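Asks:
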Amino acid sequence: MVRLEFVCVLLREGSMFIVEIDDDQRVLKLKDAIKTKKSDTITGEPGQLQLFLAKGEDSNWLGDETDLARQLMRGQIPQGIQALIAGGENILPSKAINQWLEKNGLPLPSSDQIHVLVYVPPKRRRLENAKPLVDIPHIDIQGATYVTLPGELVAKCGLTPRGDLMLYCRPQVHKLWFFRDDVIAKGVRGLILGPPGTGKSACLLSFAASLDPQEWNVVWIHLDEKGDFCVSMGSKQHWIVDDRSTFELPRVSSEKLFVCLDGYRKCDAHTALLRRILVRFIKEHDRLVVCSSMAARGKRNVESDTIAGIEPFFMYSWTLDEYIEAVSDQTFYDKVAAVFDATNDWDVNDDDDDDDDDDDDENKKTSRQEERKLRLLRLKFYYAGGSCRFMFQYSTDRVKEVVEEGVESVDNKADLVRYCSGILHEDTMGCSLAVDYKRNVELLGDNNIVDVLPRASVLQFNPKKKFKTLRGGEKQGEISGKHQRNKYDIDYDDGGKDASVDGEFIWLSDGSIKEEFEVGDKVVVAMPNILGNRSWLQPVDWNQGGYDAVYFDTKVNKVIFIQVTRSDKHTFKMRFFKEVLIKLRSAGMRCPSVEVFFVVKLNQLMNFSISSIDDRGAIEEFDNQWIGPDEDHVKVRAFKATPAQ
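When the letters of the sequence shown are read in order and numbered with UniProt numbering, they come out as residues 1 to 645.
#1: Whole beta strand (DSSP E) runs in the stretch 40-90 with 3 or more residues, listed along the chain?
#2: Find the nearest neighbour of VAL559 within the set LYS569, PRO539 and ASN533, judged by alpha-carbon distance.
#3: Enumerate in chain order the residues of its own chain whose CB-to-CB distance from ILE613 is below 6 Å, with the five nearest sequence positions on each side excluded.
#4: Taking the continuous beta strand (DSSP E) assigned at ASP489, which residues delimit it?
#5: Just to confirm the assignment, what range does the alpha helix (DSSP H) spanning ALA337 have?
#6: Quick one, are the C-beta atoms of SER206 and VAL173 less than 9 Å apart?
#7: Three or more C-beta pairs closer than 8 Å, one from the stretch 57-75 and one from the stretch 111-123: is that the case here?
#8: At which residue ranges does the stretch 246-334 contain complete beta strand (DSSP E) runs of 3 or more residues, listed in the order of the chain?
#9: Indicate the three-state DSSP secondary structure (helix, strand or coil) for ILE449 in the structure shown.
#10: The alpha helix (DSSP H) spanning MET574 covers which residue range?
#11: Whole angstroms is fine: what's the gap from GLU248's alpha carbon to TYR119's?
#12: For the alpha helix (DSSP H) containing ILE34, name the first residue and the last one.
#13: Reducing DSSP to helix, strand and coil, say where PHE622 ends up.
#14: Along the alpha helix (DSSP H) that carries ALA549, what are the first and last residues, could you check?
#15: Do you know whose CA, among LYS31, ASP135, GLN214 and ARG12, lies nearest GLU20's CA?
#16: Given GLU255, which residues of its chain have a CB within under 7 Å of its CB, disregarding the five upstream and five downstream residues?
#17: Go through its chain and collect everything with a Cβ distance to ASP182's Cβ below 8 Å, but skip five positions before and after it.
#18: Using the rule of at least 16 other Cβ atoms within 10 Å of the residue's Cβ for burial, across every protein chain shown, is GLY143 buried or exposed?
#19: Look at the alpha carbon of CYS8 and the alpha carbon of ILE18, and state the distance between them as a whole number of angstroms.
#20: Identify every residue that forms a DSSP beta bridge with ARG189.
#21: Less than 9 Å between the C-beta atoms of ILE479 and VAL524, yes or no?
#22: What residues are listed by DSSP as bridge partners for ARG244?
#23: Given a cut-off of 9 Å, decide if MET606 and THR554 are closer than it, judged by their beta-carbon atoms.
#24: If I measure Cβ to Cβ from ASP623 and keep anything under 6 Å in the same chain, skipping five residues before and after, which residues do I get?
#25: In the DSSP assignment, find the unbroken beta strand (DSSP E) run with ILE560 in it and report its ends.
#26: Since I believe VAL27 is in contact with ILE139 (beta carbons under 8 Å), could you give me their beta-carbon distance rounded to a whole number of angstroms?
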């Protein structure tokens with residue numbers, strides 16, 4: 001019998017200690033001695049310990065001054081040790097120690113050596129409800145435009161289960177993949193912030209699934225009030241955490257931890273779990289990323305973040321251009337086309353107004369299909385905004401329900417303003433634009449301040465197409481004036497008046513039609529019923545030129561154009577205004593009064609100027625009050641809005 005001294009290293013802990021034992025004792029006794037020596041660290045039963053003989057590259061005892069030993073002492077598990085553990089044989093507890101040394105051809109232990117590697121597996125009692133997870137394919141994100149996440153992985157990670165998830169890698173996604181350089185290489189702890197529904201969780205999950213499974217055990221924790229979803233990709237298990245106070249991170253012996261804490265928000269319960277993970281479980285070689293449900297974190301403590309190694313990243317809302325790029329792939333579009341179901345309350349344009357329509361021309365057919373796709377996308381964008389969840393996963397009716405419920409759930413509607421107040425607000429609702437239909441908007445810049453912007457719904461329309469019309473009412477009256485180009489003034493029997501009515505909409509009281517009417521003729525006038533009347537119309541092509549929206553009212557024969565600009569100067573392009581006025585006249589609108597507003601920031605109001613005007617005099621044809629320089633008729637104003645009630 002020989003008394004042996006084993007130098008042991010506790011894997012991932014990095015601590016080195018000596019255990020004395022006789023060579024004829026069984027390995028069970030060695031486990032008991034190790035548990036007694038490290039009772040402050042090893043809390044489980046000694047029989048659960050896994051022991052490995054520490055052998056170097058020459059198959060002899062591992063030298064304590066080798067690079068492998070130094071990495072072990074830092075709590076790392078280098079590749080050489082990973083291979084040893086993965087391919088090595090766990091020391092059987094029933095065998096005598098001298099039998100194991102003889103079997104492996106190792107001499108009695110001496111100084112300057114490491115002899116036993118000790119691995120403490122995670123406590124199984126924490127995973128009593130663990131279920132197996134299917135094999136997860138490795139996802140290559142390098143230079144990818146689209147990546148697909150398996151549906152089962154998405155569901156087990158607590159995200160909305162809808163089958164395989166195809167992710168469009170917009171520029172914000174590639175920026176978020178800075179993890180490889182910052183989080184992986186430099187040990188930064190990432191904190192992802194941004195409005196809900198912008199793809200933060202899906203982007204993080206795609207990165208996590210791209211990591212080398214031989215090096216990293218990805219542990220995904222999705223926080224949920226009904227039970228947290230937990231997935232260990234290293235052990236290929238998933239379970240529901242019902243008690244955060246006893247939760248422990250599962251470890252795989254040869255792998256480092258990459259922990260993803262998803263759905264975090266600023267509350268006591270979440271903060272306590274994050275603190276528990278940081279203090280008790282995350283070692284120097286492990287990595288942590290927190291994906292927050294908050295649009296912003298509130299006031300930042302820079303010094304504290306620097307000490308903790310926390311680096312925030314903001315994922316901003318989707319833009320219309322990014323949506324258009326995403327659906328350019330037909331496979332992606334086919335997956336989401338079913339929820340592109342938004343329609344206008346009014347279908348403003350005449351669908352039959354397609355120039356040069358030729359069903360036999362494949363190029364034109366393809367062009368029409370693409371135009372229809374983009375039209376449906378823009379209609380959905382009106383409701384979905386920058387939320388890709390609203391755009392690609394929810395139907396339009398569901399989006400309306402969610403937004404309405406969110407607004408109604410706020411007791412004080414003034415709070416909605418604070419939700420839009422920048423990165424210092426820490427609520428989970430995010431930077432959604434709160435719109436109150438009772439809100440009054442004035443344009444400032446004239447001595448006579450009036451509410452010139454009618455409150456009305458916003459619809460989209462195509463200025464290149466005709467307006468759709470329905471049969472309207474009729475009014476009786478008498479011709480009171482006659483103008484060139486078959487235009488007439490009308491005095492109605494009810495006391496109303498109309499000017500420059502096109503003869504196309506007039507007939508005699510007995511129902512007969514004249515090529516030319518005379519003053520005094522008793523007539524019936526068809527009243528126009530143009531779809532889109534008394535609504536704000538937004539061109540389907542943003543920044544198409546000239547104006548951002550147009551409003552018309554056939555009852556008072558008024559047309560209002562509005563252009564919002566950030567610049568101190570603007571070019572006035574009259575042809576875009578004329579294009580709309582021609583379409584309105586063709587649809588039966590009388591000669592209207594036309595108003596054009598340029599709206600600027602308040603601090604630009606005094607210095608704004610129109611740099612040039614193209615197609616001068618184009619509006620005079622429609623509004624005979626539009627005489628003289630066009631600059632004299634354009635009104636420059638600044639917004640003033642009363643607070644939401």
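For every residue, glycine included, the Cβ atom is placed at its ideal position computed from N, Cα and C. In this text the structure is predicted, and so the values were computed from the model without any measurement.
Replies: From the atom records:
#1: 50-53
#2: Residue mapping note: residue 559 aligns to position 559 of the sequence shown, counting from 1. Comparing Cα positions, the closest option is ASN533.
#3: Numbered from its first residue, the sequence shown carries residue 613 at position 613. PHE572 and ASP630.
#4: Stepping through the sequence shown from its first residue, residue 489 is reached at position 489. Run containing ASP489: 487-492, per the beta strand (DSSP E) assignment.
#5: The residue given as residue 337 occupies position 337 in the sequence shown. Element bounds for ALA337: n/a, residue is neither H nor E.
#6: The residue labelled residue 206 in the question sits at position 206 within the sequence shown. The residue labelled residue 173 in the question sits at position 173 within the sequence shown. Yes; because the gap between Cβ atoms is below 9 Å, this pair is in contact.
#7: yes
#8: 256-264, 287-292 and 310-314
#9: Mapped onto the sequence shown, residue 449 falls at position 449. Note that ILE449 has pLDDT 44, beneath the 50 cutoff, so the model's placement of it is unreliable and no number is given.
#10: Position 574 of the sequence shown, counting from 1, holds the residue named residue 574. 574-586 is the span of the alpha helix (DSSP H), which, as asked, contains MET574.
#11: Residue 248 sits at position 248 when you count from the first residue of the sequence shown. Residue 119 sits at position 119 when you count from the first residue of the sequence shown. Their backbone Cα atoms lie some 16 Å apart in a straight line.
#12: Counting from one through the sequence shown, the residue named residue 34 turns up at place 34. ILE34 -> alpha helix (DSSP H) spans 27-37.
#13: Within the sequence shown, residue 622 is the residue found at index 622, counting from 1. The answer is coil: DSSP assigns PHE622 none of H, G, I, E or B.
#14: By one-based count along the sequence shown, residue 549 stands at place 549. Unbroken run through ALA549 is the beta strand (DSSP E), 549-553; no alpha helix (DSSP H).
#15: Mapped onto the sequence shown, residue 20 falls at position 20. Looking at the Cα atoms, LYS31 is the closest of the given residues.
#16: On the sequence shown, position 255 is the one that residue 255 refers to. Cβ within range, chain order: GLU215, TRP216, ASN217 and GLY234.
#17: By one-based count along the sequence shown, residue 182 stands at place 182. So the list reads VAL188, GLY190 and GLU311, once near-sequence residues are dropped.
#18: For the purposes of this step, residue 143 is identified with residue 143 of the sequence shown, where counting begins at 1. So GLY143 counts as exposed.
#19: Here residue 8 corresponds to residue number 8 of the sequence shown, with the count starting at 1. Here residue 18 corresponds to residue number 18 of the sequence shown, with the count starting at 1. Approximately 6 Å, taken between the alpha carbons.
#20: Taking the first residue of the sequence shown as position 1, residue 189 is located at position 189. Note: ARG189 sits in a beta bridge opposite ILE310.
#21: Locating residue 479 in the sequence shown gives position 479, where the first residue counts as 1. Locating residue 524 in the sequence shown gives position 524, where the first residue counts as 1. Cβ distance not < 9 Å, so ILE479 and VAL524 don't count as in contact.
#22: Residue 244 sits at position 244 when you count from the first residue of the sequence shown. Looking at the DSSP assignment, ARG244 forms no beta bridge with any residue, so it has no partner.
#23: Indexing the sequence shown from 1 puts residue 554 at position 554. Indexing the sequence shown from 1 puts residue 606 at position 606. No. Outside cutoff.
#24: Reading the sequence shown from its first residue, position 623 is the one you call residue 623. SER593 and VAL594.
#25: Residue 560 sits at position 560 when you count from the first residue of the sequence shown. 558-564 is the extent of the beta strand (DSSP E) around ILE560.
#26: By 1-based counting over the sequence shown, the position of residue 139 is 139. By 1-based counting over the sequence shown, the position of residue 27 is 27. Actually they do not touch by this definition, with Cβ atoms about 41 Å apart.
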